[in-house]
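J.:
Rendered as structure tokens:
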């Protein structure tokens, strides 16, 4: 499963992270010693050291004096619950490489649900954009986004495997400044499991998002399924001062 | 399944809500007409009207002119992700009746994990409080809470089926003013499913919470499992102004 054309230490970092995420190396447990990993991967100890350092920097591993290196966490912390930022920005910050595959991008008549969420009239058309999003070649989230076509005729030629939706909306003077999310959980059906490379019945985070511009125009309605085994969300809440 | 000793309209409201929550009456669909419900329950139409109004007030049903009454939502909106409030306050606001069963309340040596979360020394003792919490007789959430015993010797005699933990902490000058939550998902194992009256494999929200006092003392560490079929969470996020 090691990717081609990457430096050895990167290939090893990716392989080690897969073993952390699939439970081969469980949380709070030590990973094998540097010398044993060097032998296992048939590389030098500095190469192992570099791979381990990458995972320390990404927050997956932690070095403990006199004990060795242990698994700090197996999941990726997502800021989706408390900041408005693009997926790529979020993944970049973890030190991993984001990637997006566009599965669907087309125009269609808005369903009753989509019309209600985007405050659109009967017979309105929307873009439907389905993206599968990765971090270091592992699929993390499947997102379906609906956007009002009449407000955004300039979107049609864009390649959303390369450009950010939020950055594009901002350039078109429809910056998203407020989002409302509804958070539910569900288990993966066959299609979600296939696309997200997880098991049928695996628990997923299930977000419905409305994005609003400064003049309170709903400009985006998205449905996102995050893999439960690879992601978690952090929430900080302060007491409202009365 | 209708409860005894409650007014008829309340019994019917509870029964109707169960049918909404178990999918007998699906979301966005009409429920039977008033006259048919009156016949079904063998009560007068004003009694049905009162039961329906209760569920409208609680946000489960919605009246549509000329169409009838439809199911607005089957789940309960929880504010757990964005405000610090007690479970009872949250449920009270929905118009339902909160109830708490204390399954465990005892003192024990803190585990390594609990010591780390509460910044406690080796050999420290903690209270362990396990509560199952209901809304109108339906279990919604199972919470295990750890509290440092030395800081809170006055907690021991309290009956947490009757008093609020957060209100008690405030009275003891340990008001929780900041919480950090980590949100994951998991599927119910046999014990969780039994206690929460759901199925093995059903998806649950899985929160880990640290509660801090004004002087940044961690005073509470809690692990909560919310039923995924009965709860959802709402998040409002504004763009940070640079």
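Residue numbers (full-length UniProt numbering), protein chains in the order written: chain A, 1 to 242; chain B, 1 to 242. Backbone N, C-alpha and C fix where the C-beta goes; we use that ideal spot for every residue, glycine too.
#1: Going by the CB atoms, is the gap between residue 211 of chain A and residue 187 of chain A shorter than 9 Å?
#2: Start and end of the beta strand (DSSP E) containing residue 74 of chain A?
#3: Which residues share a DSSP beta bridge with residue 64 of chain B?
#4: Just tell me which of B:74, B:18 and B:46 has its CA closest to the CA of residue 29 of chain B.
#5: Please confirm whether residue 60 of chain B has its beta-carbon closer than 9 Å to some beta-carbon of chain A.
#6: Which word fits residue 191 of chain B, buried or exposed, when buried means at least 16 other C-beta atoms lie within 10 angstroms of its C-beta?
#7: What does residue 182 of chain A reach in chain B if we use C-beta pairs closer than 7 Å?
#8: Helix or strand or just coil, what does DSSP make of residue 53 of chain B?
#9: Going along the stretch 70-97 of chain B in order, which residues come within less than 8 Å of chain A, judged by CB to CB distance?
#10: With distances taken Cα to Cα, identify the nearest neighbour of residue 226 of chain A among A:18, A:132 and A:235.
#11: Quick one: grab the DSSP three-state call for residue 202 of chain A.
#12: Would you please verify whether the beta carbon of residue 294 of chain A is less than 9 Å from any beta carbon of chain B?
#13: Output the distance between the C-alpha atoms of residue 124 of chain B and residue 162 of chain B, rounded to the nearest integer angstrom.
#14: To be precise: take each residue of the UniProt domain "HTH gntR-type" (6-74) of chain A, compare its Cβ to all Cβ atoms of chain B, and keep it if any distance is under 9 Å. Which residues remain?
#15: In the DSSP assignment, find the beta strand (DSSP E) that holds residue 214 of chain B and state where it starts and stops.
#16: Is residue 217 of chain B near residue 173 of chain B, with beta carbons less than 9 Å apart?
#17: For my contact list, residue 107 of chain A and residue 149 of chain A are in at a C-beta cut-off of 8 Å; report their separation, rounded to the angstrom.
#18: Rounded to the nearest angstrom, what separates residue 182 of chain B and residue 43 of chain B at their Cα positions?
#19: Would you grab the beta carbon distance between residue 118 of chain B and residue 110 of chain B for me? Rounded to a whole angstrom, and I think it's under 8 Å.
#20: If you reduce the DSSP assignment to three classes, tell me which class residue 88 of chain B lands in.
T.: With the given structure in hand:
#1: no
#2: No beta strand (DSSP E) contains residue 74 of chain A, which DSSP labels as neither H nor E.
#3: Partner(s): B:68.
#4: B:74
#5: no
#6: exposed
#7: Result: 232 and 234.
#8: Reduced to three states, the DSSP call for residue 53 of chain B is helix.
#9: Those residues of the stretch 70-97 of chain B that come within reach of chain A (Cβ to Cβ, closer than 8 Å) are 75, 81, 82, 83 and 84.
#10: Closest in alpha carbon position to residue 226 of chain A, among A:18, A:132 and A:235, is A:132.
#11: In the three-state reduction of the DSSP assignment, residue 202 of chain A falls in the coil class, being assigned neither a helical nor a strand state.
#12: Because chain A in this structure spans residues 1 to 242, residue 294 of chain A falls outside the shown range and cannot be described.
#13: Those two C-alpha atoms are separated by around 27 Å.
#14: 28
#15: Following the DSSP letters along the chain, one finds residue 214 of chain B in no beta strand (DSSP E), marked with neither H nor E.
#16: no
#17: 6 Å
#18: 48 Å
#19: 7 Å
#20: helix
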